[in-house]
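Participant:
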């Protein structure tokens, strides 16, 4: 899902962080990749506001400390355009050196040998230390692999889900922030009133071709119930845990505690003080704050825990390297990719864009920032257990079957078991190419 602009992050403590060195600090150890100059291209979708400015700033800082490497940014206005343009360039035999990619895209590129695995770079003479490798959040590290057990991607812009809530409303009703899904359901029931026109939260499941945040929230809930959406290499959409999670959501919907909508309905309901919560990614903070407009105290907490613990979905893209590039370009591209994830650079990126630092070792560099924006640390800590979606060609389309199941159960009054059985059959068909 495309990240929105967050220009507000340029204010406050982030200025102090840059002054302290995140923006100007010398990069980690560099290594010459060629005796002569090398130019690489990076196709990306960081096209607006602070995303664009921060990307350009980092490229300039990299080029200043790596005089023989030039990085040309090929900027696309959206992830849809990015995917289409990347695939067209691959087909034409003229891909960029590197590009942003979701896991399922990378799986498709790897299947056609359009990209190269990165293990030889990670473990090579210009690789990363064991300390730095261990510092990458576990879920982020796992996200770099494809099912063949090889690392094909490198981390870039990451986010995960959090719980936004109206603290003023909680105080008025003498309620506490729910830390478990059972507590959440109890609170949701208490604040839902048809006569007052209030409910717990609104969400958008999306469609079969474009799953929305509501579907990814459902996947987070499945994980909190101890379930897995893949098992033994096959979709596991109709597991007992998936059924329990959807039954939970169905119960809230039937009580009137959940409303369905489109175009970020959670933000709208929260801002109108109709919905107490918004369950969305950390990227939504600015827009929830904008919807709040100072009418109440907007706060953030981790997603509630389920019967087996926390569950969350890792969001955002990675970077892949294309096989068409020359050896010198690949080496230069790896040097740039490695530099981007070093603590100083990932901290700078996080402060200025609202994405999360992919290295745990960046957190000490962000103390003053977290003091002003504590919700960002909550989201960063959640990276410790947030897990990516399976890196399989077509998995986005397969996930759309869960969007359909949610609609069928909540709006169409279909049974949970029947709806998820159909979702399972559709996902198996999609992933098998039928």
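In our numbering, the protein residues as written are 1199 to 1632. The C-beta atom is built at its ideal place from N, Cα and C for all residues, glycine as well.
Identify every run of the alpha helix (DSSP H) within the region 1252-1326, keeping only runs that are complete inside it and at least 4 residues long; order them along the chain.
Facilitator: Segments of the alpha helix (DSSP H) lying fully in the region 1252-1326: 1277-1289, 1301-1309 and 1317-1320.
Participant: Can the beta-carbon of residue 1366 be found closer than 8 angstroms to that of residue 1494?
Facilitator: The count along the chain shown starts at 1 and reaches residue 1366 at position 168. The count along the chain shown starts at 1 and reaches residue 1494 at position 296. Going by C-beta atoms, residue 1366 is nearer than 8 angstroms to residue 1494.
Participant: Would you call residue 1488 buried or exposed, if buried means 16 or more other Cβ atoms sit within 10 Å of its Cβ?
Facilitator: In the chain shown, residue 1488 corresponds to position 290, counting from 1. Result: exposed.
Participant: From the DSSP output, which residues share a beta bridge with residue 1388?
Facilitator: Start at 1 with the first residue of the chain shown, and residue 1388 comes out as number 190. DSSP lists no partner for residue 1388.
Participant: Can you tell which of 1534, 1579, 1302 and 1562 has the C-alpha that lies nearest to the C-alpha of residue 1554?
Facilitator: Numbered from 1 along the chain shown, position 356 holds the residue referred to as residue 1554. Out of 1534, 1579, 1302 and 1562, 1579 has the C-alpha closest to the C-alpha of residue 1554.
Participant: Have a look at residue 1415 and residue 1605 and give me their C-alpha separation to the nearest angstrom.
Facilitator: One-based indexing of the chain shown puts residue 1415 at position 217. One-based indexing of the chain shown puts residue 1605 at position 407. Approximately 14 angstroms between the Cα atoms of the pair.
Participant: Roughly how many angstroms separate the alpha carbons of residue 1371 and residue 1628, rounded to a whole number?
Facilitator: Stepping through the chain shown from its first residue, residue 1371 is reached at position 173. Stepping through the chain shown from its first residue, residue 1628 is reached at position 430. Taking the straight line from one Cα to the other gives about 47 angstroms.
Participant: Please classify residue 1264 as buried or exposed, where buried requires at least 16 other C-beta atoms within 10 Å of its C-beta.
Facilitator: Reading the chain shown from its first residue, position 66 is the one you call residue 1264. When all chains shown are included, residue 1264 counts as buried.
Participant: Pull up the distance between the alpha-carbon of residue 1571 and that of residue 1291, whole angstroms please.
Facilitator: If you number the chain shown from 1, residue 1571 lands on position 373. If you number the chain shown from 1, residue 1291 lands on position 93. Using only the alpha carbons, I get a separation of about 45 angstroms.
Participant: Can you list, in chain order, the residues of its chain with a C-beta nearer than 8 angstroms to that of residue 1435? Leave out the 5 residues immediately preceding and following it.
Facilitator: Here residue 1435 is taken as the residue at index 237 of the chain shown, counted from 1. Cβ within range, chain order: 1427, 1599, 1600, 1603, 1618, 1621, 1622 and 1625.
Participant: Could you name each continuous beta strand (DSSP E) segment of 3 residues or more that falls completely within the region 1333-1387, going from the start of the chain to the end?
Facilitator: Complete beta strand (DSSP E) runs here, min 3: 1352-1357 and 1359-1364.
Participant: Opposite residue 1429 in the DSSP bridges: which residues?
Facilitator: Stepping through the chain shown from its first residue, residue 1429 is reached at position 231. DSSP output for residue 1429 lists 1432 as bridge partner(s).
Participant: Can you tell me where the alpha helix (DSSP H) holding residue 1604 begins and where it ends?
Facilitator: Numbered from its first residue, the chain shown carries residue 1604 at position 406. Counting along the chain, the alpha helix (DSSP H) containing residue 1604 begins and ends at 1593-1608.
Participant: Kindly indicate which three-state DSSP category residue 1556 falls into: helix, strand or coil?
Facilitator: As a first step, residue 1556 is located in the chain shown; it is residue number 358 there, counting from the start. Coil.
Participant: So residue 1418 is in the alpha helix (DSSP H); what residue range does that whole segment cover?
Facilitator: As a first step, residue 1418 must be located in the chain shown, where it is residue number 220. Element bounds for residue 1418: 1411-1422.
Participant: Which same chain residues end up closer than 8 angstroms to residue 1544 when comparing Cβ atoms and leaving out the 5 residues on each side of it in sequence?
Facilitator: Counting from one through the chain shown, the residue named residue 1544 turns up at place 346. Cβ neighbours of residue 1544 beyond the five flanking positions: 1538, 1555, 1556, 1557 and 1560.
Participant: Just how far apart, CA to CA, sit residue 1440 and residue 1259?
Facilitator: Counted from its first residue, the chain shown places residue 1440 at position 242. Counted from its first residue, the chain shown places residue 1259 at position 61. Whole-angstrom Cα-Cα distance: 47 angstroms.
Participant: Using DSSP bridges, identify the partner residues of residue 1242.
Facilitator: As a first step, residue 1242 is located in the chain shown; it is residue number 44 there, counting from the start. According to DSSP, residue 1242 bridges with 1273.
Participant: Near residue 1522, what residues of its chain come up, given a Cβ to Cβ distance below 6 angstroms and the 5 sequence neighbours on each side ignored?
Facilitator: To locate residue 1522, count along the chain shown from 1; it is residue 324. So the qualifying residues of the chain are 1293.
Participant: Classify residue 1585 as buried or exposed, calling it buried when 16 or more other Cβ atoms lie within 10 Å of its own Cβ.
Facilitator: Position 387 of the chain shown, counted from the start, is the residue given in the question as residue 1585. Residue 1585 is buried by the Cβ-count criterion.
Participant: Do residue 1355 and residue 1459 have their C-beta atoms closer together than 8 angstroms?
Facilitator: Here residue 1355 refers to the residue found at position 157 of the chain shown. Here residue 1459 refers to the residue found at position 261 of the chain shown. Not in contact: residue 1355 and residue 1459 (Cβ atoms no closer than 8 angstroms).
Participant: Since residue 1520 sits in a beta bridge, which residues does DSSP pair it with?
Facilitator: Counting from 1 along the chain shown, the entry for residue 1520 is found at position 322. For residue 1520, which the question treats as bridged, DSSP gives the partners 1313.
Participant: So residue 1283 packs on residue 1241, CB below 8 angstroms; how close in whole Å?
Facilitator: Within the chain shown, the letter at position 85 stands for residue 1283. Within the chain shown, the letter at position 43 stands for residue 1241. Their Cβ separation, rounded to whole angstroms, is 7 angstroms, which keeps residue 1283 and residue 1241 in contact under 8 angstroms.
Participant: Closer than 8 angstroms is the cut-off here; do at least three beta carbon pairs connect the region 1450-1468 with the region 1398-1407?
Facilitator: Contact holds: three or more Cβ-Cβ distances are below 8 angstroms.
Participant: Looking at the C-beta of residue 1468, does it have a partner C-beta in chain B at a distance below 8 angstroms?
Facilitator: In the structure shown, chain B does not exist; there is a single protein chain.
Participant: Is the beta carbon of residue 1296 closer than 8 angstroms to that of residue 1533?
Facilitator: If you number the chain shown from 1, residue 1533 lands on position 335. If you number the chain shown from 1, residue 1296 lands on position 98. No, Cβ-Cβ distance for residue 1533 and residue 1296 is not below 8 angstroms.
Participant: My output table needs one value for residue 1399: the three-state DSSP class, helix, strand or coil.
Facilitator: Locating residue 1399 in the chain shown gives position 201, counting from the first residue. Residue 1399: strand per DSSP, three-state reduction.
Participant: Starting from residue 1479, follow the beta strand (DSSP E) in both directions and report where the run begins and ends.
Facilitator: Position 281 of the chain shown, counted from the first residue, corresponds to residue 1479. Counting along the chain, the beta strand (DSSP E) containing residue 1479 begins and ends at 1475-1479.
Participant: Quick check for students: name the residue ranges of the beta strand (DSSP E) that lie wholly in the region 1469-1513, counting only runs of 3 or more.
Facilitator: Taking only runs of at least 3 residues, the beta strand (DSSP E) segments lying wholly in the region 1469-1513 are 1475-1479 and 1496-1499.
Participant: Report back the beta-carbon spacing between residue 1369 and residue 1496 to the nearest angstrom; my notes put them in contact at under 8 angstroms.
Facilitator: As a working mapping, residue 1369 is identified with position 171 in the chain shown. As a working mapping, residue 1496 is identified with position 298 in the chain shown. Actually they do not touch by this definition, with Cβ atoms about 13 angstroms apart.
Participant: Cβ atoms of residue 1511 and residue 1418: under 8 angstroms apart, would you say?
Facilitator: Here residue 1418 refers to the residue found at position 220 when the chain shown is read from its first residue. Here residue 1511 refers to the residue found at position 313 when the chain shown is read from its first residue. The answer is yes: Cβ separation under 8 angstroms.
Participant: For residue 1460, which three-state DSSP category applies?
Facilitator: The count along the chain shown starts at 1 and reaches residue 1460 at position 262. Reduced to three states, the DSSP call for residue 1460 is coil.
Participant: How about residue 1175 and residue 1529: do their beta carbons lie closer than 8 angstroms?
Facilitator: Outside the displayed range of the chain (1199 to 1632) lies residue 1175, so it cannot be described from this structure.
Participant: With burial defined as no fewer than 16 other Cβ atoms inside 10 Å of the residue's Cβ, what is the status of residue 1220: buried or exposed?
Facilitator: Working through the chain shown from its first residue, we reach residue 1220 at position 22. Because the pLDDT at residue 1220 is just 41, under 50, the model does not fix this residue reliably, and the point stays unresolved.
Participant: Would a C-beta distance cut-off of 8 angstroms place residue 1361 and residue 1501 closer than the cut-off?
Facilitator: To locate residue 1361, count along the chain shown from 1; it is residue 163. To locate residue 1501, count along the chain shown from 1; it is residue 303. Against a cut-off of 8 angstroms, the Cβ pair of residue 1501 and residue 1361 comes out as a contact.
Participant: With DSSP as the reference, label residue 1237 as helix, strand or coil.
Facilitator: Residue mapping note: residue 1237 aligns to position 39 of the chain shown, counting from 1. Looking at residue 1237 - three-state DSSP - the assignment turns out to be strand.
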